[in-house]
Amino acid sequence: MKKVLVIDDDVYVRDALSNILTQKGFLVDKAENGLEGLRLIKERDYDVLLIDLVMPEMGGIELLKELNKENIDTPAIVITAFAAVDTAVEAMKLGAIDYITKPFNIDELIVIIEKAIKIYDLKKENTAYRRQLQKIHGFENIIGNSPKMQEIFSLISRVADSDATILITGESGTGKELIAKTIHYMSYRSKYPFVPINCGAIPKELLESEFFGYEKGAFTGAVATKKGRVELADQGTLFLDEIGELLLPLQVKLLRFIQEREFERVGGGKTLKVDVRIISATNRDLEKDVLDGKFREDLFYRLNVIPIHIPPLRERREDIPLLFNHFISKFCKKRKRPVLSISKDAMKCLESYHWPGNIRELENLCDRLSVLVSGNRIEIYDLPEKFITKDKDLYNSAIKLNVMSSNFVFPENGFDLNKVIDDFERKAIVEALKQAGGVKSKAATLLGLNRTTLLEKMKKMRIPFDTGVSVDN
154 MKKVLVIDDD VYVRDALSNI LTQKGFLVDK AENGLEGLRL IKERDYDVLL
204 IDLVMPEMGG IELLKELNKE NIDTPAIVIT AFAAVDTAVE AMKLGAIDYI
254 TKPFNIDELI VIIEKAIKIY DLKKENTAYR RQLQKIHGFE NIIGNSPKMQ
304 EIFSLISRVA DSDATILITG ESGTGKELIA KTIHYMSYRS KYPFVPINCG
354 AIPKELLESE FFGYEKGAFT GAVATKKGRV ELADQGTLFL DEIGELLLPL
404 QVKLLRFIQE REFERVGGGK TLKVDVRIIS ATNRDLEKDV LDGKFREDLF
454 YRLNVIPIHI PPLRERREDI PLLFNHFISK FCKKRKRPVL SISKDAMKCL
504 ESYHWPGNIR ELENLCDRLS VLVSGNRIEI YDLPEKFITK DKDLYNSAIK
554 LNVMSSNFVF PENGFDLNKV IDDFERKAIV EALKQAGGVK SKAATLLGLN
604 RTTLLEKMKK MRIPFDTGVS VDN
């Protein structure tokens, strides 16, 4: 039997609620003020609390604040006079899950209590399950130590268990759907479906039936009733990807659904209700679209209760090595080969690249390298040439060394052989002069040349004659 604690200073209300709830099969305790209620809550376990807002010694608001301090998450329903609805809203901000006004309807109260108990039971039953899911879908899969990503992790932790609508923004490839899945699997809805719908990938004439489903005979080819995505997501999360691509006529229907959680299937007249959490994502500037008349302002504010912006990879370059190691490890393990390491020069190239495709582009590169690299380490010459944005000389020298190895693989777009040879020869002469302390005869011996030939090459390549020493020998 479920246990309810009634906290009210009015003895008539306390006794009446106790008698009615007992008849409905609940175990009921009573307290005449917040202090007595707090003592009982600390001593015993309850499934739901009924708290009057106005009481002597400690009122409902003060009691809720104390429960928050003690990290007590028993669902609370506040009882208030009709004139004090604003206070009830304040109570909900403090964690109360619902409120009911005096005089109240008993049947309505029972429905609210049963809903509160259902949510609390789900939270208790799913704790272990959610921990397991969080290992699969949680922060472990969102890689990043940058300050911007740490802010996002903190925000996700705070909002995951609420039912507030969330709008995730960011460029293509930044991982918006991964963030949405993480929020879902960290919430009390994790036991129920995560249902995505890409608003930009479905033909406009099919979008409404994809959203809301259709009845048999609704249109040519509708040979049987089909549930839409909103119905499939019942009790879980509906993820509206690329929400900015949604056409205005369907925006109106979506707005009504978000407000009422009610809809009709295409071709049907029956109104259906569902309980879903809505998370949206877009790479568009919806505020600009609102000003341009391309997106409804009222829908935007309904969707944008909790905004989360995912920065592009070029704005968190410190995360690139972490992401690279994660992806290269994943793909090497998939192909049952030792995990590849990467040279410092190659990593510098990745860190300086502008990454227009963001994380998706980096993941694609790692997939490719895990197939094509023949050795155990990724060198600069293993990278496609577009990644070599700063030091072309370093790239060409690396290619020269690669040609000399037995594992030579041509770059995707080939290379300039004469330039590679010239660059390598110049670097070899400069290095020999440095090691010889500027003594030309010693440098020539290191290079297998005579002194005259070395001087001619230095003149041709415009290598300073004092290279290696402060005074020419």
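Taking the working numbering, the leading residue of the sequence shown gets 154, the next gets one more, and so forth. Heads up, the beta-carbon is just placed ideally off N, CA and C, and yes, glycines get one too.
Inspect the beta-carbon positions of T227 and L206 and report whether they are closer than 8 Å.
Their beta carbons are not under 8 Å apart, which means T227 does not touch L206 by this criterion.
When we look at the beta-carbon of A596 and count the other beta-carbons within 10 Å, is it buried (16 or more) or exposed?
So A596 counts as buried.
Shorter than 8 Å from the beta carbon of F448 to some beta carbon of chain C?
No chain C appears in this structure, which consists of one protein chain only.
Bounding residues of the beta strand (DSSP E) (the contiguous stretch that carries L203):
Residues V201 to D205.
Any 3 or more C-beta pairs closer than 8 Å across the region 424-434 and the region 382-391:
With a cut-off of 8 Å, the region 382-391 and the region 424-434 count as touching, because enough Cβ pairs lie within range.
F365: first and last residue of the uninterrupted beta strand (DSSP E) it sits in
Going by DSSP, F365 is part of no beta strand (DSSP E) but of the alpha helix (DSSP H) stretching over K357 to F365.
At what residue ranges does the region 299-323 contain a whole run of the beta strand (DSSP E), taking only runs of 3 or more?
Entirely contained in the region 299-323, the beta strand (DSSP E) runs reaching 3 residues are, in chain order, 319-322.
Compute the Euclidean distance between the alpha carbons of M614 and I295, then round it to the nearest angstrom.
Between the C-alpha atoms of M614 and I295 there is a straight-line separation of about 50 Å.
Thinking C-beta only, is L476 closer than 8 Å to I531?
Here I531 is not near L476, since their CB atoms are 8 Å or more apart.
Report the CB separation of L403 from E361 in whole angstroms; it is logged as a contact under 8 Å.
Contact between L403 and E361 is confirmed by a C-beta separation of about 6 Å, below the 8 Å threshold.
Can you give, in chain order, each stretch of the alpha helix (DSSP H) that sits fully within the region 387-420 and has at least 4 residues?
401-413, all fully within the region 387-420.
If I512 sits next to G326, beta carbons under 8 Å apart, how far is it from one beta carbon to the other, in whole angstroms?
Taking C-beta atoms under 8 Å as the contact rule, I512 and G326 qualify, at a distance of about 6 Å.
If I332 sits next to R382, beta carbons under 8 Å apart, how far is it from one beta carbon to the other, in whole angstroms?
Between I332 and R382, the beta carbon gap of about 19 Å keeps them out of contact (Cβ cut-off 8 Å).
Suppose the cutoff is 7 Å on Cβ atoms and the five residues either side in sequence are ignored; what does the same chain contact list for L452 look like?
These residues qualify, in order along the chain: Q404, L407 and L408.
Assuming T605 is part of the beta strand (DSSP E), what are its boundary residues?
For T605, there is no enclosing beta strand (DSSP E); the residue is found in the alpha helix (DSSP H) stretching over R604 to K613.
Status (buried if at least 16 other CB within 10 Å, exposed otherwise) for I154:
Residue 154 is actually Met in this sequence, not Ile. Answer is exposed; the Cβ neighbour count stays below 16.
For I336, the three-state DSSP class (helix, strand or coil):
Here I336 sits in helix by DSSP.
Using the three-state DSSP reduction, which class does I350 fall into: helix, strand or coil?
In this structure, I350 counts as strand in the three-state DSSP scheme.
How should Y454 be labelled, buried or exposed, when 16 other C-beta atoms within 10 angstroms of its C-beta is the threshold for buried?
With fewer than 16 Cβ atoms within 10 Å of its Cβ, Y454 is classed as exposed.
Going by other Cβ atoms of all chains shown within 10 Å of its Cβ, with 16 needed for buried, is N560 buried or exposed?
Low confidence applies to N560: its pLDDT is 49, below 50, so where it sits in the model is not reliable, and the reading given next is rough at best. Answer is exposed; the Cβ neighbour count stays below 16.
Pick out whichever of R579, L586 and I461 has its Cα sitting closest to the Cα of E304.
Among R579, L586 and I461, the Cα nearest to that of E304 belongs to I461.
Since T175 is in the alpha helix (DSSP H), which residue starts that stretch and which ends it?
Segment V164 to Q176, the alpha helix (DSSP H) holding T175.
Endpoints, the alpha helix (DSSP H) within which H479 is located
Bounds of the alpha helix (DSSP H) holding H479 are I473 to K487.
Validate contact between the region 413-427 and the region 296-315 using beta carbons, cut 8 Å, 3 pairs
Flag = no, the region 413-427 and the region 296-315 do not touch.
Less than 8 Å between the CB atoms is what I'm expecting for L503 and F480, so what's the real figure, rounded?
In this structure L503 does not touch F480 by the C-beta definition: roughly 11 Å separates them, more than the 8 Å allowed.
For a test of the three-state rule: what should DSSP assign to I272, helix, strand or coil?
In the structure shown, I272 sits in a helix (DSSP, three-state: H, G or I).
Taking I270 as the reference, which of V201, I495 and N298 has the closest Cα?
Taking only the C-alpha atoms, the option nearest I270 is V201.
Please name the residue, chosen from L359, I396 and E398, that lies closest to K379 on a Cα-to-Cα basis.
Of all alpha-carbon atoms in L359, I396 and E398, the one lying nearest the alpha-carbon of K379 is that of L359.
Among I463, D239 and I272, which one has its Cα closest to the Cα of P300?
With distances taken between Cα atoms, P300 lies closest to I463.
Residue of M245, K222, C485 and N224 minimising C-alpha distance to V231
Considering only alpha carbons, the answer is M245.
Counting C-beta neighbours from all protein chains within 10 Å, is the total for D472 16 or more, i.e. buried, or is it exposed?
D472 comes out buried.
State the DSSP-derived secondary structure class of K593, mapped to helix, strand or coil.
Helix.
Can you tell me where the beta strand (DSSP E) holding A234 begins and where it ends?
Unbroken beta strand (DSSP E) run through A234: A229 to A234.
How many angstroms separate the CA atom of E415 from the CA atom of K426?
Each residue's alpha carbon lies about 5 Å from the other.
Starting from the C-beta of G397, find all residues in its chain whose C-beta is less than 7 Å away, skip the five residues before and the five after it, and write them out in chain order.
Sequence-distant Cβ neighbours of G397 in its own chain, meaning closer than 7 Å and more than five residues away, are T435, R437, L439, D442 and F448.
Residue(s) in a DSSP beta bridge with Y252:
In DSSP, Y252 forms a bridge with V231.
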